[in-house]
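Written out below as C-alpha cells is the structure these notes cover.
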Amino acid sequence: MKDHSTLLISDASRRDFFKQLVLGGSGLYLSPLLFQSCTSEDLGRPPFGIWEDMIKMLEQSPDHLIGRRKALVASKDPKAMTDFVRDSFQAIPSYRDFLSQIAHYTQYGTEMALRCGLATPREKAEILKDMLIEAGFEAKVVWEHTNISLEESKAIVFKKYIPEFDPPISNRKMRRWHKALDITETGESFEVIPDCMEKSEALAHDLLGKIDKKYIREAVINQKIHKNGVPSVVFTENGEEKYAHVFDPTVPFGQLHPTNEEKEFDNATALKKPKEQNITISLSCRNVMDKWNETTLVSGTWKLSELLGNQLQVQFLNNMTFGNQATKTVSQICNFTPCLALQDIYKDVAYLEERSFLGEPITLEGEKVLERYNPAVLSEEDSAVAIGNIHSFEGKVLPQAYPKVRLELEPKDAEGNIIGGLSASNFELVDNGESPIGWMQQNSISPKILLLYDTSLSMPVEYRGKGIKEFLVRTENMIREAYPSAKIILQETGSNVYTSLLNAKQVDADLILYATDGHNSDEYDESYQSIYDAGPPAILLNVFSVDTFYKPLRENMDFVEIAADDQEKTIAEIKNFVGQLKFPTYVLTYNSFDENESHKLMVKVKGTEHQIELSFTFPKNENILGNRMIGLYLTIKGTGLSPIKRVLAGYEPDLDKHGNALGPNRQMIDEVHQMLLGGAVMSFEREAPTLSLQLTEYLKTLMSNREWFEAFQDNETDMALEALGKGTLSYPSILLTMMQPLQDQVTENAITYPSGFRTCLIKCIPGYYSKTTRMSFDYMPTSEYLSITYSGLNTFDETVKKTAQLAILEAHMFSDSAYSQLHNKPLLLNKDRGNHEAFVKKALKEDFPYFYPLVYGGSELKFMDTSLQTRSFWKIDPLRGELYGILPDQTGGGSSSTEEQLRNLETVMKEYNKILTAIKVGMAIPGIGSAPLSIVAAYSFTLVRLYAIASEAIILMSTEKMDEQLSAAMQQLACNVLKAITVSRVKGPLSKGNSGIEFLIAAMGSNAPIC
0 MKDHSTLLIS
10 DASRRDFFKQ
20 LVLGGSGLYL
30 SPLLFQSCTS
40 EDLGRPPFGI
50 WEDMIKMLEQ
60 SPDHLIGRRK
70 ALVASKDPKA
80 MTDFVRDSFQ
90 AIPSYRDFLS
100 QIAHYTQYGT
110 EMALRCGLAT
120 PREKAEILKD
130 MLIEAGFEAK
140 VVWEHTNISL
150 EESKAIVFKK
160 YIPEFDPPIS
170 NRKMRRWHKA
180 LDITETGESF
190 EVIPDCMEKS
200 EALAHDLLGK
210 IDKKYIREAV
220 INQKIHKNGV
230 PSVVFTENGE
240 EKYAHVFDPT
250 VPFGQLHPTN
260 EEKEFDNATA
270 LKKPKEQNIT
280 ISLSCRNVMD
290 KWNETTLVSG
300 TWKLSELLGN
310 QLQVQFLNNM
320 TFGNQATKTV
330 SQICNFTPCL
340 ALQDIYKDVA
350 YLEERSFLGE
360 PITLEGEKVL
370 ERYNPAVLSE
380 EDSAVAIGNI
390 HSFEGKVLPQ
400 AYPKVRLELE
410 PKDAEGNIIG
420 GLSASNFELV
430 DNGESPIGWM
440 QQNSISPKIL
450 LLYDTSLSMP
460 VEYRGKGIKE
470 FLVRTENMIR
480 EAYPSAKIIL
490 QETGSNVYTS
500 LLNAKQVDAD
510 LILYATDGHN
520 SDEYDESYQS
530 IYDAGPPAIL
540 LNVFSVDTFY
550 KPLRENMDFV
560 EIAADDQEKT
570 IAEIKNFVGQ
580 LKFPTYVLTY
590 NSFDENESHK
600 LMVKVKGTEH
610 QIELSFTFPK
620 NENILGNRMI
630 GLYLTIKGTG
640 LSPIKRVLAG
650 YEPDLDKHGN
660 ALGPNRQMID
670 EVHQMLLGGA
680 VMSFEREAPT
690 LSLQLTEYLK
700 TLMSNREWFE
710 AFQDNETDMA
720 LEALGKGTLS
730 YPSILLTMMQ
740 PLQDQVTENA
750 ITYPSGFRTC
760 LIKCIPGYYS
770 KTTRMSFDYM
780 PTSEYLSITY
790 SGLNTFDETV
800 KKTAQLAILE
810 AHMFSDSAYS
820 QLHNKPLLLN
830 KDRGNHEAFV
840 KKALKEDFPY
850 FYPLVYGGSE
860 LKFMDTSLQT
870 RSFWKIDPLR
880 GELYGILPDQ
890 TGGGSSSTEE
900 QLRNLETVMK
910 EYNKILTAIK
920 VGMAIPGIGS
930 APLSIVAAYS
940 FTLVRLYAIA
950 SEAIILMSTE
960 KMDEQLSAAM
970 QQLACNVLKA
980 ITVSRVKGPL
990 SKGNSGIEFL
1000 IAAMGSNAPI
1010 C
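Going by numbering that gives the first Met the number 0, the residue at position 802 of the sequence shown is 801; the numbering climbs one at a time, nothing skipped.
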C-alpha cells in the first residue's frame, strides 16, 4: 500500500480491508443494512455496490496487469506504457534454446501473459506495440542489433519483475465500506501454511536422494542469445520516430540498447501465435450388463485458447426449475441432464452457448429419456372425454433396483377396453404420504424386448456381427405387425449365461430373447432364484439346436427354449409366443425413498374417484442392480496430448484385469447416483493469474447474482425467479489456493514455469447413501512444469523442488492426500524394485492388478510404499522433474469429507444449502438454484420437453400458495451466494513480504493459505 495520508498505511488497517471482504460475503446473517442503499456518497446497493467498488480498487493494484493496461492505453502516455511492459512482465526464455530464438519465440501469447505476468521477450514487445496502436500511435516490433552478452541477458532473465499485490485503498473508503455492510470486529480471517517451503524442500531432498542419476534424462540447455534479434518497439509520435526498448530494464525510454551504437534494427516478421490445440472432453458411463463398453453421455471440443483463463462446469443437472427445487424433495430427482458448460466472464451469452454442450436427459440406467419414450397424448378436450369414460382402474407395482419403482396401469371403459392416450399429469401418486414425480414411459401397448446375444466365436455367423443385427430387424418388423410401437434392444454378452440372464431379469423390459449356444463359463447361484422368477419371461434361442450345453441350464432354471438353427422358423415361433403374452398399456416409473420400509402407494386418476392402493417393499438383496450405471468417466483428449481419463464414480476398469475379475456391485451404483447428485468444475490456465486478477474475476462471478438477489430484496419473487432463469456464474474459491503460482518461481538461480497448461478438476459428491459429503481436488497432468537454471545444470532437481509445493498445498487443504499417506513411509523407486520381496506377484496378491499396470508401467519415476500400507505413490517426470502425488484413484490432489448427507424427504434447496455450507470450499453446484449461464436456453427447452411426460408440472412462476416456500428457498440461495466467500477463520502469523496477500485470500472465503 502507498504511504499517503489518504491510503492505508498499516497492516492493521489493511487487515480491516480484508475482513471487510469476508464479512461482506459471509452469509452469517443478512444484515438489515443489506436491504437498503447507502445514504451519502452512494456506493450503490450493498452488497453488490460494495463488491463493484472493490473490483475498481483491485483493478488498480500493480499486479492487475489487464487493469493497468486499460488505464495506460487511455492515458496515451508512451513512456508510461513502456515502463509498464518493461518492468511488470517476467521475461521467460526457451527451455532448450534459452534466448537463441529471442526474435520469434512465443510461449503463452499476449492474452495469457497479461493474466499471469510471464512473457517471452517477443511477447513483451507485442504487448507494448498493441497498446500503442490501441492508443492511436503507429507502432511496429523490430529486431534490434545489439551486443548484449550472455551474462547480461541472464541477469535480466533471473530477476523477479512481476509486481506485488497492492490495491490503493484509502481509510475513508474503508470506513464507508464498513458502514455500508455493518461490519463488526471478528478477528483474523487468514491462514498461512507453516513452513511450506521447508516442507517442500525436505520432500524434494528425500526423493532426489533416492534417484540414481542414470534414470534422469534432463535436456541440455543451449545457453545462447541471438544478439541481433532482440525485440523492441518503434513508434511514431507527432510525426517523429521513437524507440521503446523493453528487454533490458536499464535502457531509458526513447532509446535503443546502448550496445546498438549504429541504431540498427530489422522489421520483425509477424508473431507466430502459440500452437493451438483442439481439446475434446467427454462424459461417459458403463452399465451393469455391459461393463466393457462405454457410452458417451455428452462430448465437446474446444480450441485450447477458448478454455484458458476459464472454467468448465461438468454437471448432471437435476431437471428441476428453481420453483421445483424449492418445493420438491431430493428423492424426486429422477433423471439428469449431463452438460459441459463453458464459463468466460468476458464473453457474451451467444459466444458461450456456441461452446457449451448439453446432453440428453438420462435415467439412473443411462437411458435417454426423450429418445426412447415419446408417448402420443390426447388433446385436452379428448383427454377429458376419455377420463369421463373410465369405468374401472387396475394396476400393479414392481419395485426394481432401489430407488426405482415401475407402475403398470390399466384404466378401462365399461366394456373392459383399455383407454389409452392419457398423460402422466392425469395420474396422481402418493407414496407413504409423499408425492413423487412419475415419469410416463408409455401410454399405449409398446412391448420392450431385450435381445441378448453371445459374442463368442463359437456362435454361428447368423447370430454374430451383421447377422444378429439383421435378425433383430426382421424380428422387430414381425412383432410390429401386431404392435407398431414395439422396440427391440440389442445387448452383447459373454459366455456367462447365468450372470447375463440374472442382469437381464432386472431390466425394465417385457420380454427377453437370448441367443446363445449354451457354452457357459459361470455357475448357478440358487440365492438368486427369486430374481430369476420375478423378472420378465425369457426365451433362450438354441442357435445350434443341440442338447449338449442346454441340459445343465435346464436343471437349474425354467425357461422357454426355441430351436434357432433356422431363423425363419425361429422368428415365426417368437411371433407365436409374443401373441400369447399380455403387455401393459401404461407404464410409469418414479424414484421412491426409505429402502428398508414398507410402502403404501395410492395411484389416482385426477378429477375422478378412481384410485387403487398398492403395497410394496424393495427386494432385500444387495445384488438387485438392474442395468444401472456402474461407472462415470471424464476423458480429455487433445492434439499432442496423451488421453487423460478420470473415474468420477464407481467401476474402475483398470482394476478389472489380470485375473482379478471385478463384478458390478451395489456400492458402484450408489457411488454413481451420488455423483449425479453432485457436480464438478474444471479450471484452465497457462500459469495461475496474478492474485488481484483472480479476486476480481471471483467477485465478478458473484456479481452475476445481482439481478435476482436485488429483486428478492424488493420482495419481487416473480422477478427474482425470472432473473434466476437467465443463469448465473460460479467460481469455487478453493481455486484461489490450489491454482496459485509457485512461490519463488523466479530466483537469481532459476526460473520455473509450466510449458503446457494447468488444469484441475474439483468434484463435490454429496452423501446420499453414505453419511458423508466428499469434496476432491485433482491436478491433471497437463502442466509440464520445467526449470531453466542460471548455470544450465540441475534443471531436473530444481523442478522437483518447486513442484513439491503442490503436494504441501494438498496436504494442508485436504485431510486425505498423497503427502499424508506417504509421509515417513519407506519408499522404493519403481526402477529399482528388481525382485523386491514386497512387489512380487505372490506378495501383492489382490494388489497386483493395481501395481502392475499403474505403477510398474510407463517411463515416469514412481516411489511406492514398501510397507504396502497405501497404494498412493509419487510420480516424477524423468525429463523435466515435475512432481505430483498420485492417490489410489489416480488423481493428483486430495480430498476431504464432512459429516453431512442429503436427506431424501427434505427439499432440494434446503439440503444443498446445508452441504455446500458444510464442505467449506466456496463451491456452488450449477443447476442448484440456477443453471449455468451458457446452457440456459437449451436447458429450458429440454425441461419443457421433459415435463410433458411427468406427473408434476414444471414450476416457472410463483403462486400465492408457494410464496412462502419460494421465499425460504431464495433466502437459502442468497445465504449460499454470500457464504461462498467465507469458509473458516483460522488465526495464523503474518507472512513477511507478501504485502497482505494472505489477508485478502482469506477474506474472499477460500481459507486460502499461501506458502
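We put the beta carbon where it would ideally sit given N, CA and C, even for glycine.
Whole-Å CB distance - residue i paired with residue j, under 8 Å assumed
i: F756; j: V604; result: 58 Å between Cβ atoms; not a contact.
i: I635; j: Y650; result: So it is not a contact: roughly 19 Å between Cβ atoms.
i: F47; j: P398; result: F47 to P398, Cβ: 49 Å. No contact.
i: I161; j: D62; result: 7 Å
i: S950; j: I436; result: 6 Å
i: V545; j: A563; result: Between A563 and V545 the Cβ distance is about 11 Å, and since that is not below 8 Å, they are no contact.
C-alpha gap between residue i and residue j, whole angstroms
i: T584; j: T454; result: 33 Å
i: S929; j: Q324; result: 10 Å
i: G662; j: D524; result: 15 Å
i: E263; j: V245; result: 16 Å
i: H822; j: F321; result: 46 Å
i: F615; j: D430; result: 10 Å
i: W291; j: P551; result: 27 Å
i: P193; j: A803; result: 15 Å
i: G186; j: N237; result: Note on G186: pLDDT 42, under 50, position unreliable in the model; no value is reported.
i: V348; j: G726; result: 10 Å
i: N318; j: A267; result: 55 Å
i: V1050; j: S391; result: Because the chain is modelled from 0 through 1010, residue 1050 falls outside the range shown and cannot be assessed.
i: P852; j: R870; result: 13 Å
i: T336; j: L357; result: 7 Å
i: G208; j: W873; result: 14 Å
i: Y345; j: E407; result: 51 Å
i: S691; j: M111; result: 15 Å
i: S641; j: I278; result: 11 Å
i: K302; j: Q276; result: 6 Å
i: N227; j: M674; result: 58 Å
i: L7; j: T941; result: Residue confidence for L7 is low, a pLDDT of 32 falling below 50, so the modelled location carries little weight and cannot support an answer.
i: C1010; j: Q742; result: With a pLDDT of only 42 at C1010, under the threshold of 50, the placement of this residue in the model should not be trusted; the figure read from the coordinates follows. If I take the Cα positions, the gap works out to 6 Å.
DSSP beta-bridge partners of residue i
i: G630; result: R285, G649
i: H598; result: F615
i: W301; result: I278
i: T234; result: For clarity, residue 234 is Phe in the given sequence; the question names Thr instead. According to DSSP, which records beta bridges pairwise, F234 is partnered with A138, K241.
Unbroken beta strand (DSSP E) run spanning residue i, endpoints
i: G884; result: 882-885
i: I787; result: 784-788
i: I538; result: 537-541
i: V348; result: Taken as a continuous stretch (DSSP letters only), V348 belongs to no beta strand (DSSP E), being part of the alpha helix (DSSP H) at 348-353.
i: F392; result: 391-398
i: R757; result: 757-764
i: F862; result: 860-864
i: I488; result: 486-492
Run of the alpha helix (DSSP H) containing residue i, from where it starts to where it stops
i: I418; result: No alpha helix (DSSP H) contains I418, which DSSP labels as neither H nor E.
i: T584; result: Here T584 belongs to no alpha helix (DSSP H), and DSSP marks it neither H nor E.
i: Y752; result: Counting along the chain, Y752 falls outside any alpha helix (DSSP H), though it belongs to the beta strand (DSSP E) covering 749-753.
i: I132; result: 120-133
i: V156; result: 149-156
i: D717; result: 716-723
i: E197; result: 195-207
i: N555; result: 549-555
Original post:
Does the stretch 576-595 touch the stretch 323-334, meaning 3 or more C-beta pairs lie closer than 8 Å?
Top reply: yes
Subject >> At least 3 beta-carbon pairs within less than 8 Å: the stretch 697-710 vs the stretch 673-688 >> reply: no
Original post:
Does the stretch 120-135 come within contact of the stretch 87-103, defined as at least 3 CB pairs closer than 8 Å?
Top reply: yes
Subject >> At least three beta-carbon pairs within less than 8 Å, the stretch 704-714 to the stretch 130-143 >> reply: no
Original post:
Does the stretch 765-777 come close enough to the stretch 888-899 that 3 or more CB-CB pairs lie under 8 Å?
Top reply: yes
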